[in-house]
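Below you'll find the structure, written out as structure tokens, and then a few comments.
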Ligand code: SF4
Ligand code: SF4
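In our numbering, the protein residues as written are 2 to 137.
Structure follows, in structure tokens:
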């Protein structure tokens, strides 16, 4: 029976360039992110926030080094198994289903994204990926 799903990796394959780990206004952390990362680096949530985070309004975000990279970037993500939800979701964001132009904007900064794709294919694929991996 023919499959109605697109193969994983059809529209996105990470090149591990680190561009998404630099700048862009900070990586927000959920409570689960804070617990998971603290455990992974063998710290305590409060200590982790004090040492590795800054604030955006009331919310903790991962701190950035002077060169603009995330504090956990070192040629790769050093907390990959527990990286924040925001990082794990990329680039399959609900905002693409609201406005597909967001995909093109994201592709400008992410070489892993295949930019030239029909809108109906894109929306179907993003829905598929959100359903498969990110719906909680
Ligand atoms: S910018 Fe894109 S290709 Fe580069 S590391 Fe981030 S997700 Fe991967
Ligand atoms: S947590 Fe990892 S994937 Fe997320 S911005 Fe930092 S280095 Fe990049």
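Just so you know, even glycine gets a beta-carbon here, dropped at the ideal spot from N, CA and C.
Model, not experiment: these values are computed from the prediction.
query: Flag this pair as touching only if the segment 120-132 and the segment 22-36 have three or more C-beta atom pairs under 8 Å; answer yes or no.; result: no
query: For ligand 1, is there any heavy atom lying closer than 6 Å to the beta carbon of residue 112?; result: yes
query: Check the C-beta distance from residue 127 over to residue 97 and give it rounded, since I have them as a contact under 8 Å.; result: 5 Å
query: Between residue 102 and chain C, is any beta-carbon pair separated by less than 7 Å?; result: No chain C appears in this structure, which consists of one protein chain only.
query: Going by DSSP, which residues form a beta bridge with residue 74?; result: 78
query: For residue 35 versus residue 80, is the C-beta spacing smaller than 7 Å?; result: no
query: Rounded to a whole number of angstroms, what is the C-alpha to C-alpha distance between residue 100 and residue 83?; result: 29 Å
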